[in-house]
Amino acid sequence: MDIGADGSMPTEWSDMQVMEDSTTTTKKPLPSSGKGGGIKRKSKTSAIDQDIRECICLMADSVNKVDNAIKSSTTSPQQIKNMYTELMFELTNIHGFLEEEVDTIYDNLSKNPTLIPSFLSKPADSKARWMRKAL
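If you read the sequence shown in the UniProt record's numbering, its first letter stands for residue 1, the second for the next number, and so on.
Right, dumping it as structure tokens:
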């Protein structure tokens with residue numbers, strides 16, 4: 001915008017005020033100017049501003065989806081404790097293994113917790129075979 005040396009604005013801009021709403025920006029003459037009715041002009045940037053708003057909304061939706069996915073895949077401390085308690089219960093209830101062997105298998109499974117749910121879902125005879133192989 002050009003401003004004169006004396007700090008004044010060009011006539012076409014000084015007689016205008018900016019009116020904004022949520023979708024467009026228009027310029028309209030000030031009511032006290034004494035000039036005829038003004039013509040509303042859409043700002044050239046209003047379409048660009050709307051595109052930017054839409055992109056920001058899409059990005060916010062994507063971030064929310066990622067956040068929800070992370071939250072749903074996270075295991076709570078209580079769930080982890082319950083899983084290890086169930087593991088120890090299952091290991092000690094499979095006959096034919098010494099306490100030291102059960103401790104070794106428990107320690108090995110604890111080092112790779114992604115295997116625990118698979119182990120727990122096996123039938124008892126499959127658990128016993130797996131334990132013999134793991135020793």
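Using N, Cα and C, we set each Cβ at its ideal position, and we do this for glycine too.
Nothing here was measured: the structure is a model prediction, and the numbers come from that model.
{"query": "If you reduce the DSSP assignment to three classes, tell me which class K122 lands in.", "result": "coil"}
{"query": "Ordered along the chain, which non-local residues of its own chain (more than five positions away) have a Cβ less than 8 Å from that of Y84?", "result": "S110 and I116"}
{"query": "What are the boundary residues of the alpha helix (DSSP H) that S62 is part of?", "result": "S46 to S73"}
{"query": "Looking only at its own chain, which residues have a Cβ that is under 8 Å from the Cβ of K122, when we skip the five neighbours before and after it?", "result": "W130"}
{"query": "How close, in whole Å, do the beta carbons of L135 and T104 come, if the pair is a contact with beta carbons under 8 Å?", "result": "7 Å"}
{"query": "Pop quiz: A124 and I80 are said to be a contact at Cβ under 8 Å. What is the actual Cβ separation, rounded to whole angstroms?", "result": "Actually they do not touch by this definition, with Cβ atoms about 24 Å apart."}
{"query": "Candidates K65, T114 and R132: which alpha carbon is nearest L98's?", "result": "R132"}
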